[in-house]
Amino acid sequence: MKIIIGLGNPGKKYENTRHNAGFMVMDALAALCDLSFDQEKFSAYFAKGKIHGEDVILMKPTTYMNNSGFALRQVLDFYKESSEDVLIIYDDIDLPVGKIRLRQKGSTGGHNGIKSIIQAMGTSTFDRIRVGTSRDPQIPIIQWVLTNFKSEEKEDLHKAIDAAAHAAYYAIDHTFSQTMNQYNQK
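First residue of the sequence shown: 13, per this note's numbering; consecutive thereafter.
Structure representation (structure tokens):
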């Protein structure tokens with residue numbers, strides 16, 4: 013089983029903010045997988061299907077960013093899965109808009125959603141796709157991540173969302189090492 017969780021905040025107010033890049037990728041991935049978030053369970057918008065013979069769960073937590081691990085822990089406990097089955101997709105202010113980066117482990121990088129995920133799983137070793145949202149040094153980070161993307165960033169953002177969704181789709185039936193080799197941008 014593959015559990016793919018995109019991080020973000022629920023509700024219209026946050027829909028197009030930088031912190032919701034993970035949710036944006038999940039919507040694109042659901043379209044690729046021909047799935048829809050038509051259920052709400054495990055404190056998340058939830059979709060489940062079979063892709064290339066693999067059971068796949070897609071999740072967008074409704075717990076808000078800082079408690080994302082709560083939703084993931086529920087699904088891991090219910091399905092008796094481990095961190096090896098998890099792929100997390102989230103925003104990264106240290107990457108420029110339009111860039112993605114795939115890794116198999118790492119720190120929180122100051123990201124409270126990832127901090128919650130690490131606490132819930134008890135490990136920082138899990139597959140992750142980071143989507144660049146850039147940073148404005150003039151605006152405090154907590155405010156910056158809740159701003160909408162600028163119009164001149166939209167084309168690069170859509171390219172990154174598409175690349176991240178395709179990378180996650182590819183990861184369903186390939187190892188994550190193969191996925192990193194295929195999708196990490198030089």
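Just so you know, even glycine gets a beta-carbon here, dropped at the ideal spot from N, CA and C. None of the values given here were measured: they were computed from a predicted structure.
Check	Outcome
For alanine 83, which residues of its own chain have a beta-carbon under 6 Å away from its beta-carbon, when the five flanking residues on both sides are left out?	Phe54, Ser55, Ala56, Pro73, Thr75
Looking only at its own chain, which residues have a Cβ that is under 6 Å from the Cβ of glutamine 51, when we skip the five neighbours before and after it?	Phe58
Please state the DSSP three-state secondary structure of valine 109.	coil
Which residues in the same chain as arginine 85 place their Cβ atom closer than 6 Å to its Cβ, once the five residues preceding and following it in sequence are excluded?	Ala132
Scan the segment 30-87 and note each continuous alpha helix (DSSP H) run of 4 residues or more that stays entirely inside, going in chain order.	33-45
Alpha carbon to alpha carbon, what distance is there between leucine 88 and lysine 171?	31 Å
Contact between the segment 118-128 and the segment 167-186 is defined here as three or more beta-carbon pairs at a separation below 8 Å; is this criterion met?	no
What is the C-beta distance between histidine 31 and aspartate 103, in whole angstroms, given that I count them as a contact (C-beta under 8 Å)?	6 Å
Here's the rule: buried if 16 or more other CB atoms are within 10 angstroms of the residue's CB, otherwise exposed. What is lysine 14?	buried
According to DSSP, which residues form a beta bridge with lysine 117?	Thr137
Within the same chain, show all residues whose beta-carbon is closer than 6 Å to that of isoleucine 17, passing over the 5 residues directly before and after it, in chain order.	Met71, Leu84, Ile100
Ignore the nearest five residues each way along the sequence and tell me which others in arginine 147's own chain have a CB closer than 8 Å to its CB.	Ile105, Asp106, Ile153, Trp156
At which residues does the alpha helix (DSSP H) containing leucine 169 begin and terminate?	166-184
Just the Cα atoms here: how many angstroms apart are tyrosine 181 and leucine 41?	7 Å
In angstroms with no decimal places, state the Cα-to-Cα distance between lysine 60 and isoleucine 69.	5 Å
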